[in-house]
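Notes to accompany the following structure.
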Ligand SMILES: CC(C)(COP(=O)(O)OP(=O)(O)OC[C@H]1O[C@@H](n2cnc3c(N)ncnc32)[C@H](O)[C@@H]1OP(=O)(O)O)[C@@H](O)C(=O)NCCC(=O)NCCS
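Residue numbers (the working numbering): 1358 to 1734.
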């Protein structure tokens, strides 16, 4: 019996994260996501995933210094981004640039743990620079050089807009990065581990992960959520009527449902609270208001069908990012600039205890055929 989708199949041991889908709980290395989102920064979480413990002050300072020293991507990558078509898919552009980074890293093919740890820092430091530079170049603007005195979230917003963001915006971005950093054996992490399982290099594994993350059933969902919100807004239809019609057509409403969570995704809860904080800071509220209405409508519709489908992390990240003034097609790249920490942490585990990942397929095609000469076929 084949198990398409590998649902419930355990393919690795990990110390990085655990999900209790029934209760809607997520922990990174023992810490509840709620606690981490409230009390740590993205860099602390990166340290946690890479070292399996939280850093002390000196260790955090050292990691921040090392990341900042690697923020620059070099002129080759900027020139590459300039050469891309202006209408390039943002994830395809990121995937291309990350693939190219390998060509300029003398350690690209060194699979030792020490080299892989240095590469994890480089990738985490450089991916936000790539995303921000891509966004500016395609708009006909000059890329903005990273600032070593800013941490990842603040630096990213600075490179996107050319001015320092306010504290609320920086904290919002930072929490979003904490929430997306790690999530068990999701499709992109699995893709990364499958690639590393052949003893291919870390960049190739990350490029594979980026390809998997790009899909609408995984990281691409947050962008689709925003597309739906815009469609509702433009149609002038009541959100409840729109949801009813979409489900009636047999469509999926993006930002709902999850392979593992059978309760509200705890990350969605944190993001919704964060959204409230941004609104108190005087930001525009229409997208969050609309999201709340869609959530309510989904709840009602699903109740009628006797099903329970809850919002996932993508549902509120869409309206939160839009409220921060971020272009819709950067949502998935932002997911990637956070998840790179989880991917690389999984890769440390994979390389440390590697076995080729090679499942089987159930053959259901014909047997016993004989090749007929091409003239008589
Ligand atoms: C995430 C997702 C792919 C999980 O899929 P899965 O584990 O394979 O779950 P299934 O496709 O078997 O769905 C189970 C049931 O719930 C329904 N369902 C799941 N997600 C739904 C959604 N977003 N909208 C409407 N119905 C949904 C399915 O139609 C199915 O109903 P059925 O049993 O009557 O056929 C799926 O929920 C989905 O497509 N969500 C939208 C995309 C999204 O937000 N992705 C981001 C995930 S973080």
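Built from N, CA and C at the ideal position, the CB exists for glycine as well. Values in this document were obtained by computation on a predicted structure and should not be read as measured data.
What do you reckon, are the CB atoms on residue i and residue j nearer than 9 Å?
i	j	result
residue 1481	residue 1689	no
residue 1611	residue 1582	yes
residue 1579	residue 1625	no
residue 1553	residue 1381	no
residue 1508	residue 1501	no
residue 1659	residue 1665	yes
residue 1423	residue 1494	no
residue 1483	residue 1430	yes
residue 1488	residue 1687	yes
residue 1697	residue 1477	yes
residue 1369	residue 1703	yes
residue 1473	residue 1708	yes
residue 1465	residue 1459	yes
residue 1434	residue 1461	yes
residue 1531	residue 1684	no
residue 1479	residue 1638	no
With a cut-off of 8 Å on the beta carbons, I'd call residue i and residue j a contact; round off their distance for me.
i	j	result
residue 1390	residue 1623	5 Å
residue 1618	residue 1387	Wrong, their Cβ atoms sit about 20 Å apart, outside the cutoff.
residue 1538	residue 1406	6 Å
residue 1549	residue 1566	4 Å
residue 1680	residue 1645	7 Å
residue 1385	residue 1393	6 Å
residue 1399	residue 1570	Wrong, their Cβ atoms sit about 18 Å apart, outside the cutoff.
residue 1376	residue 1541	5 Å
residue 1598	residue 1505	About 51 Å separates the two Cβ atoms, so there is no contact after all.
residue 1441	residue 1453	7 Å
Given this structure, state the Cα-to-Cα distance separating residue i from residue j, to the nearest angstrom.
i	j	result
residue 1605	residue 1662	11 Å
residue 1510	residue 1358	46 Å
residue 1609	residue 1725	42 Å
residue 1522	residue 1366	43 Å
residue 1648	residue 1673	7 Å
residue 1373	residue 1409	7 Å
residue 1536	residue 1728	55 Å
residue 1739	residue 1363	Absent from the structure is residue 1739, since the part of the chain shown begins at 1358 and ends at 1734.
residue 1544	residue 1634	32 Å
residue 1445	residue 1613	28 Å
residue 1546	residue 1714	13 Å
residue 1576	residue 1733	49 Å
residue 1469	residue 1721	41 Å
residue 1512	residue 1587	29 Å
residue 1516	residue 1641	22 Å
residue 1486	residue 1411	25 Å
Which residues share a DSSP beta bridge with residue i?
i	result
residue 1382	1377
residue 1389	1384
residue 1668	1613
Enumerate, from N- to C-terminal direction, the unbroken alpha helix (DSSP H) stretches of 4 or more residues contained entirely within the segment 1549 to 1630. The DSSP assignment places complete alpha helix (DSSP H) segments of no fewer than 4 residues inside the segment 1549 to 1630 at 1559 to 1570, 1578 to 1592 and 1596 to 1605, in order along the chain.
Please go through the segment 1474 to 1514 and give each complete beta strand (DSSP E) segment of 3 or more residues, from N-terminal end onward. If one requires a minimum length of 3 residues, no beta strand (DSSP E) run lies completely within the segment 1474 to 1514.
At 4 residues or longer, what runs of the alpha helix (DSSP H) sit wholly inside the segment 1434 to 1468? Taking 4 residues as the shortest admissible run, the segment 1434 to 1468 contains the following complete alpha helix (DSSP H) segments, listed from N- to C-terminal end: 1447 to 1460.
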